[in-house]
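Below is one structure, written out as structure tokens; the observations come after it.
Residue numbers (full-length UniProt numbering): 1 to 362.
Written out as structure tokens, the structure reads:
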């Protein structure tokens with residue numbers, strides 16, 4: 001960004017949203033019934049840029065209350081692009097999700113060319129059903145396969161033997177028609193992860209994701225010896241330096257990135273290239289994000305990622321913030337290079353609180 005643009009005056013608006021989920025989203029650390037969203041608008045030179053962060057404990061140390069407090073402070077005191085960039089850069093370590101909501105609003109405001117990309121990108125499908133209700137699970141899996149999904153995510157991280165049954169039942173239903181991406185969501189101890197991985201047969205398994213706690217790098221390295229399938233780190237990766245750490249420890253075959261951890265679109269793109277440069281495979285996407293965040297990740301993914309995307313959070317809620325809505329064909333999303341608008345009626349209908357320059361937007 002040029003010095004003249006960095007000194008440009010801006011006004012900011014923020015909203016705290018609560019978006020209902022169509023069905024509860026099962027994670028190892030709890031069942032989610034809604035998304036808590038920080039939505040940000042940056043206004044300058046007659047245009048508006050938007051960004052968001054969906055705050056989920058377990059994905060970040062931030063809470064929606066902390067994010068909202070920081071957002072109100074930023075909307076009050078930042079009056080130039082330079083002010084906001086500086087403030088957010090200082091927050092990236094302690095509050096990356098909140099910082100990303102503001103920094104991606106600046107990316108939109110600055111018309112970052114990444115957001116003009118066009119193309120088709122394939123998503124994965126998420127399996128929510130349980131093995132103890134096989135008929136319902138089979139119906140869900142067949143529906144996903146019928147829509148064209150070639151990669152399915154199966155959540156684990158509760159009890160290893162029950163989780164093995166879950167994976168095996170899904171694999172039996174799928175019968176070679178899709179790959180399974182198995183997500184531990186940090187639910188296991190090291191011993192539990194070794195138990196699970198040593199008994200998991202590799203047939204049709206794409207990878208196992210983050211079975212142990214994000215900060216437990218020793219376990220991430222130790223469990224590789226027990227695994228017959230590729231491993232992926234997700235929650236352990238918060239900065240580009242963590243990509244190098246994973247490569248140096250040889251504890252991951254795949255690395256998953258999320259925009260909300262990295263601040264800016266260009267930083268995310270650089271991270272994807274860094275993963276490849278270090279001999280690993282990149283996965284991109286946040287299953288806990290609105291269509292705004294998913295669209296931005298889709299733009300970055302085009303031309304950079306070959307694995308099925310996880311930016312499918314927008315499919316989990318009936319509330320869409322973008323106009324027009326994202327265009328889906330089967331398991332793929334199609335981008336035509338045009339810039340969307342924000343549906344202000346949807347914002348008003350789901351806002352818990354608002355701060356800043358909303359009079360300029362309403």
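No residue lacks a Cβ here, since even glycine has one placed at the ideal position from N, Cα and C.
Throw me the rounded Cβ distance for the residue i and residue j pair, which I believe falls under 8 angstroms.
{"i": "residue 313", "j": "residue 294", "result": "6 angstroms"}
{"i": "residue 56", "j": "residue 288", "result": "5 angstroms"}
{"i": "residue 123", "j": "residue 332", "result": "7 angstroms"}
{"i": "residue 10", "j": "residue 92", "result": "Between residue 92 and residue 10 the Cβ distance is about 19 angstroms, and since that is not below 8 angstroms, they are no contact."}
{"i": "residue 223", "j": "residue 193", "result": "5 angstroms"}
{"i": "residue 121", "j": "residue 326", "result": "Their Cβ separation, rounded to whole angstroms, is 11 angstroms, which puts residue 121 and residue 326 out of contact at 8 angstroms."}
{"i": "residue 315", "j": "residue 301", "result": "About 16 angstroms; that fails the 8 angstroms criterion."}
{"i": "residue 270", "j": "residue 311", "result": "Incorrect: roughly 18 angstroms between the Cβ atoms, too far for contact."}
{"i": "residue 272", "j": "residue 282", "result": "5 angstroms"}
{"i": "residue 13", "j": "residue 361", "result": "6 angstroms"}
{"i": "residue 242", "j": "residue 236", "result": "6 angstroms"}
{"i": "residue 158", "j": "residue 187", "result": "6 angstroms"}
{"i": "residue 140", "j": "residue 129", "result": "5 angstroms"}
{"i": "residue 15", "j": "residue 354", "result": "5 angstroms"}
Can you tell me which residues form a DSSP beta bridge with residue i?
{"i": "residue 350", "result": "Beta-bridge pairing links residue 350 to no other residue."}
{"i": "residue 237", "result": "Note: residue 237 sits in no beta bridge, so no partner."}
{"i": "residue 25", "result": "32"}
{"i": "residue 167", "result": "Paired residues: none, contrary to the question."}
{"i": "residue 18", "result": "36"}
{"i": "residue 125", "result": "152"}
{"i": "residue 356", "result": "13"}
{"i": "residue 322", "result": "342"}
{"i": "residue 309", "result": "123"}
{"i": "residue 57", "result": "60"}
First and last residue of the alpha helix (DSSP H) that includes residue i?
{"i": "residue 41", "result": "Element bounds for residue 41: not the alpha helix (DSSP H) but the beta strand (DSSP E), 30-44."}
{"i": "residue 293", "result": "291-301"}
{"i": "residue 334", "result": "Note, residue 334: premise wrong, no alpha helix (DSSP H); beta strand (DSSP E) at 332-336."}
{"i": "residue 273", "result": "265-277"}
{"i": "residue 146", "result": "134-146"}
{"i": "residue 191", "result": "190-199"}
At which residues does the beta strand (DSSP E) containing residue i begin and terminate?
{"i": "residue 52", "result": "47-54"}
{"i": "residue 282", "result": "281-284"}
{"i": "residue 121", "result": "118-122"}
{"i": "residue 181", "result": "179-183"}
{"i": "residue 329", "result": "327-329"}
{"i": "residue 150", "result": "It is not in any beta strand (DSSP E) - residue 150 carries neither H nor E in the DSSP assignment."}
query: Does the segment 115-126 touch the segment 47-64, meaning 3 or more C-beta pairs lie closer than 8 angstroms?
result: no
message: What ranges does the alpha helix (DSSP H) occupy inside the segment 206-262, keeping only unbroken runs of at least 4 residues that lie completely in it?
response: 217-222, 240-249, 259-262
query: Contact between the segment 309-325 and the segment 340-352: three or more CB pairs below 8 angstroms?
result: The segment 340-352 and the segment 309-325 touch, with three or more beta-carbon pairs separated by less than 8 angstroms.
query: Quick check: the segment 272-284 against the segment 137-148, are there 3 or more CB pairs under 8 angstroms?
result: no
Meets three-Cβ-pair contact criterion under 8 angstroms: the segment 232-242 and the segment 67-83: no
- prompt: Is the segment 145-159 touching the segment 171-182, taking contact as three or more C-beta pairs under 8 angstroms?
  reply: yes
message: As an exercise, report each continuous beta strand (DSSP E) stretch of at least 3 residues that is fully enclosed by the segment 62-113, in chain order.
response: none
message: Three or more C-beta pairs under 8 angstroms: does that hold for the segment 243-253 against the segment 91-107?
response: no
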